[in-house]
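Heads up: the sequence shown runs through residues 15 to 444, numbered per my numbering. Accompanying notes for the structure given below.
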Amino acid sequence: MRRRMAVVFVPLLAILSCGAADVQKAVPLVGNLLEPHERLAGTAVAAKPPAVDICILENLPDGGKGCLWSSWGDGCLASNGRFYFAIGNHLEQIDGKGSGESRIYEYNPEDRTVRVALNIRDVLTDPMIDGGKIHARLEEAKDGWIYFVTHRGKSRTKDPAYKGSALIRFDPRSGKAEFLGVPVPGQTTPIAFLDPARLIMHCYAADSGDLVVYDVNARKIVWRGAGDSQEGGRCMIFDAAGNAYFSTKDGALAMLARDGTLKTLPVRLPGDGAGKKGAAFLRAATRVSSRGVVYAATNSGRFFSFNTITRELEDLGPSVAGGQYTAVLVLSPDEKYVYYAPGSHGQAAGFGTPVVQYDIAARKHKVIAFLNAAARRQFNYNIAGTYATQISRDGADLYFCFNGAPVGSGRNDTFGKPCLVVVHIPPEER
15 MRRRMAVVFV PLLAILSCGA ADVQKAVPLV GNLLEPHERL AGTAVAAKPP AVDICILENL
75 PDGGKGCLWS SWGDGCLASN GRFYFAIGNH LEQIDGKGSG ESRIYEYNPE DRTVRVALNI
135 RDVLTDPMID GGKIHARLEE AKDGWIYFVT HRGKSRTKDP AYKGSALIRF DPRSGKAEFL
195 GVPVPGQTTP IAFLDPARLI MHCYAADSGD LVVYDVNARK IVWRGAGDSQ EGGRCMIFDA
255 AGNAYFSTKD GALAMLARDG TLKTLPVRLP GDGAGKKGAA FLRAATRVSS RGVVYAATNS
315 GRFFSFNTIT RELEDLGPSV AGGQYTAVLV LSPDEKYVYY APGSHGQAAG FGTPVVQYDI
375 AARKHKVIAF LNAAARRQFN YNIAGTYATQ ISRDGADLYF CFNGAPVGSG RNDTFGKPCL
435 VVVHIPPEER
């Protein structure tokens, strides 16, 4: 039986509903970007500052009470060389709070323009399906489309009319977008990871806590379970064979093999955390390296490496500032460094919003830029924390979507007006 899909062609004039005002341009962030922050005293700082470009997103509609334009999922550096990232207004009509709106933006590094590539409600018209957040990463598959799932402003609702989160794909070449259905009926999916070759998606169901494996081509769940054992619901590790690893309630790692076999491994995540038993859980992880190693962080900002071949785990100590909540890590193409921006949930502004390079061989953290002081002086704006970080294929540029807000705007000046930031790493520092 042939399945029907909602197909929407999104031409440029339709996307730019506010005209040229919705096309912005990143500008240089000026000032001393290596000015140390007192809370990071003793942390190594780069000798040469990077060039940094910034674009504070404008023309974000006021959705009324509870509206909080913000970024919660990782972006995608697509094969066309452009960076795609998502923001949402944190609302849902089903909750009686406006209309859940979210957007995909496109950054073109060639001319430094930032534009709205897709308004989610142009594709997703049913208010009983999540639209107010995109909490999962955007992922480009082998077919050239970018896939993602939506999320709710609130994680749960008791409304029987609620249908769940949407699976959507967007073609950056044509502007076409398609609604592919609801992968987990009746539940929201805060995070999802796509195998770009097989189009197999691993995601979490918020209410049950289940890990769900979904076949995108067949539009069906092929495995579901572990709701009684998994903890965190925010990250997974993947090896080269397609096996998935997740944290458990007692702080261990479990493996869901590609064939559906589930087993708990004899390793524990380092440090303490906020799990059901006070154990740490998995919060961020890099891609697997050519040696089979993944670099990861717990919810308390403790770094570790996990060898997916030997299944050995090694504690690498805390991130900067004694261990800070870090939602995204990227491994450099040459596999020498891990880059991150700690303090993801708005805390980063409190210690200068550092961008950090972790030297894998030396096991040392080095700040390559402090962003916030310059942003406050130049724009009266706080750069507050990120869930979206990507690195260029040559390892020279880092792409971020940061949450942020004008100084004095309330909400701790950390959410409500996200920004794009591009850090150009000097050759001497990489």
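Just so it is clear, CB atoms sit at the ideal spot from N, CA and C, and this is done for glycine as well.
Asked: Specify, as a first and last residue, the run of the alpha helix (DSSP H) that residue 392 falls within.; Found: 386-393
Asked: Am I right that residue 158 and residue 187 are in contact with their C-beta atoms under 8 Å? What's the rounded C-beta distance?; Found: 6 Å
Asked: Only counting the same chain, and skipping five residues up and downstream in sequence, which positions put a Cβ closer than 8 Å to that of residue 256?; Found: 209, 212, 214 and 272
Asked: Can the beta-carbon of residue 370 be found closer than 8 Å to that of residue 379?; Found: yes
Asked: Do residue 63 and residue 95 have their C-beta atoms closer together than 8 Å?; Found: no
Asked: Hey, quick one: how far does the alpha helix (DSSP H) through residue 67 stretch, first residue to last?; Found: Here residue 67 belongs to no alpha helix (DSSP H); instead the beta strand (DSSP E) covers 65-70.
Asked: I need the straight-line Cα distance from residue 18 to residue 161, nearest angstrom please.; Found: Because the pLDDT of residue 18 is 44, which lies under 50, any placement of that residue in the model is unreliable, and the question is left without a value.
Asked: Going by DSSP, which residues form a beta bridge with residue 116?; Found: 102
Asked: Could you give the residue range of the beta strand (DSSP E) that holds residue 427?; Found: Neither: residue 427 is in no beta strand (DSSP E) and is coded neither H nor E.
Asked: I want to see whether chain D comes within less than 8 Å of residue 282, judged by CB atoms only; does it?; Found: Absent from the structure is chain D; it holds one protein chain and no more.
Asked: According to DSSP, which residues form a beta bridge with residue 178?; Found: 143
Asked: Within the continuous beta strand (DSSP E) that includes residue 235, where are the two ends?; Found: 234-239
Asked: By DSSP, does residue 186 sit in helix, in strand, or in coil?; Found: coil
Asked: Distance check for residue 415 and residue 435, CA to CA, integer angstroms please.; Found: 6 Å
Asked: Between which two residues does the beta strand (DSSP E) carrying residue 96 extend?; Found: Here residue 96 belongs to no beta strand (DSSP E), and DSSP marks it neither H nor E.
Asked: Buried or exposed, going by whether 16 or more other CB atoms sit within 10 Å of the CB of residue 326?; Found: exposed
Asked: Assuming residue 276 and residue 266 make a contact with CB atoms under 8 Å, what is their CB distance in whole Å?; Found: Actually they do not touch by this definition, with Cβ atoms about 13 Å apart.
Asked: Can you tell me where the beta strand (DSSP E) with residue 373 in it begins and where it stops?; Found: 368-373
Asked: Which residue from 141, 82 and 400 puts its Cα closest to that of residue 107?; Found: 141
Asked: Would residue 285 pass as a contact of residue 319 if the rule is Cβ separation under 8 Å?; Found: no
Asked: Hey, how far is the Cα of residue 373 from the Cα of residue 139?; Found: 46 Å
Asked: Based on Cα-Cα distance, which residue from 437, 403 and 443 lies nearest to residue 92?; Found: 403
Asked: Beta strand (DSSP E) containing residue 214: first to last residue?; Found: 214-218
Asked: For residue 74 and residue 68, I'd like the C-alpha separation in whole angstroms.; Found: 17 Å
Asked: I need the straight-line Cα distance from residue 375 to residue 113, nearest angstrom please.; Found: 49 Å
Asked: Give every residue of the same chain whose Cβ lies closer than 7 Å to the Cβ of residue 321, excluding the five residues on either side of it in the sequence, and list them in chain order.; Found: 306 and 307
Asked: Using the beta-carbon count (16 or more within 10 Å), is residue 174 buried or exposed?; Found: exposed
Asked: Grouping DSSP H, G and I as helix and E and B as strand, with all else coil, what is residue 441?; Found: helix
Asked: On the DSSP letters alone, give me the boundaries of the beta strand (DSSP E) that residue 475 sits inside.; Found: No statement about residue 475 is possible, as the shown extent of the chain runs from 15 to 444 and does not include it.
Asked: Straight-line CA distance for residue 14 to residue 65?; Found: No answer is possible for residue 14: it lies beyond the span of the chain, which begins at 15 and ends at 444.
Asked: Among the candidates 206, 216, 150 and 132, whose CA atom is the shortest distance from the CA of residue 185?; Found: 132
Asked: Check the C-beta distance from residue 166 over to residue 40 and give it rounded, since I have them as a contact under 8 Å.; Found: No, residue 166 and residue 40 are not in contact; Cβ-Cβ is about 31 Å, not under 8 Å.
Asked: Evaluate residue 341 with the Cβ neighbour count: other Cβ atoms within 10 Å of its Cβ, from every protein chain shown; 16 or more gives buried, anything less gives exposed.; Found: buried
Asked: Quick one: measure Cβ to Cβ for residue 60 and residue 381, integer angstroms, because I've assumed they're closer than 8 Å.; Found: 7 Å
Asked: In the structure shown, what three-state DSSP assignment does residue 16 receive?; Found: Low local confidence applies: a pLDDT of 40 at residue 16 is under 50, so the model's placement there is unreliable, with the coordinate-based value given in what follows. Here residue 16 sits in coil by DSSP.
Asked: Span of the beta strand (DSSP E) holding residue 130?; Found: 127-133
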